[in-house]
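Residue numbers (the working numbering): 47 to 405.
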């Protein structure tokens, strides 16, 4: 009995192998015959196995043979995505393989033509405050044509680049959740993203350490921003020559400079300030809101925190809103009463009406 098993078993296995047939020739791939480079397209295929076994497929993408994959039941349609890197005409074919490794012949080819489309960057990017805490961006389409979509990239101050949103429009609104940062608008043509020539920013412009004198002292007591994107500068207030440039001044609201508390004050108060001799004029009206720290959010317009002056008992931080509707942050590092001055740094938001000052 033992000898019978030894002789019969190989014969049975040999007979089984002789009865195994490879998968039949797959159908020609089904899918788009006109394509754009860089865009993924879907192609379907199907084959039958004589024994009903599961099969997998291998595609020849016109000279580039892919790995095996996409297992499917006999007679079941499966699909695969593919994008063409370069323009040209490609003969796509596919073959099948079963679990025993038996191969079908290649299918009849499908002729596919891939073309490249013109591409170029978005143009004339602009940015403004949609609300006091959101940003609207707008741009013009590339001269080369209308892209598939636009991708708006946002890089917050001291953080990593991220996708803010995608749109088919040439304008959008972004809520940066209190952050400031750099914006770029990429134009996608097919699978290619074209970088713009422009970057716009809401990161506030920082002024280095600035020394501002007290109104009764010998230094220049006025301070302000000459314009959006400019650092703070100091000005004399003994005449009205600088009336359009002074956004705040330093005072103790009395003759002399003895303090012990100084104030950041609205220039509109200066002609009536007993601590100096500021002539009447069209001095700016500025408001201040004391803050807990440099990364605190400036309160909205109308909040009760806004005042015409802010106390400077020592180191302190205050939000500032100029007469023109720009927001800034002032950080006093030193109150130097003997020298009749304060030393401060400032951050100015160049986007009018935007009260975001994270830096």
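Glycine included, C-beta positions come from ideal geometry on N, C-alpha and C.
About 7 Å separates the Cβ atoms of residue 168 and residue 187, confirming a contact at the 8 Å cut-off. DSSP links residue 137 through a beta bridge to 157. Sorting 356, 129, 123 by C-alpha distance to the C-alpha of residue 106 places 129 at the top. For residue 106, the secondary structure class from DSSP, reduced to helix, strand or coil, is strand. The straight-line gap separating the alpha-carbon atoms of residue 274 and residue 314 is approximately 21 Å.
Across the set 361, 338, 163, 103, the C-alpha of 103 shows the shortest separation from the C-alpha of residue 119. Under the DSSP assignment, residue 387 falls in the beta strand (DSSP E) whose first and last residues are 387-394. In the structure shown, residue 116 adopts extended strand secondary structure according to DSSP, grouped into three states.
Cβ contact annotation for residue 272 (same chain, cutoff 7 Å, sequence separation greater than five): 279, 291, in chain order. Per the DSSP secondary-structure output, residue 228 pairs in a beta bridge with 201, 247.
Where residue 357 is concerned, the enclosing beta strand (DSSP E) starts and stops at 355-358. A distance below 7 Å between beta-carbons, with the five flanking residues on each side excluded, links residue 112 to the following residues of its chain, in chain order: 104, 105.
In the structure shown, residue 127 falls within a strand segment according to DSSP collapsed to helix, strand and coil.
For residue 168, there is no enclosing beta strand (DSSP E), as DSSP marks it with neither H nor E. By the criterion of a C-beta distance shorter than 6 Å, residue 121 is surrounded in its chain by 94, once the five residues flanking it on both sides are discounted. Between residue 217 and residue 202, the CB-CB gap reaches or exceeds 8 Å.
At a Cβ-Cβ threshold of 8 Å, residue 358 and residue 344 do not count as neighbours.
The shortest CA-to-CA distance from residue 117 to any of 96, 134, 144, 258 is the one to 144.
With respect to the 8 Å criterion, residue 298 and residue 308 are classified as neighbours on the basis of their beta carbons. For the pair of segments examined, the stretch 361-373 was found not to touch the stretch 227-237: the number of CB pairs separated by less than 8 Å stays below three. Selection 402, 360, 100 evaluated against residue 390 yields 360 as nearest (Cα-Cα). Note: residue 259 is bridge-paired with 387 in the DSSP secondary-structure output. Look at residue 318 here: in three-state DSSP terms it is helix. Partner residues in a beta bridge of residue 299, as assigned by DSSP, do not exist.
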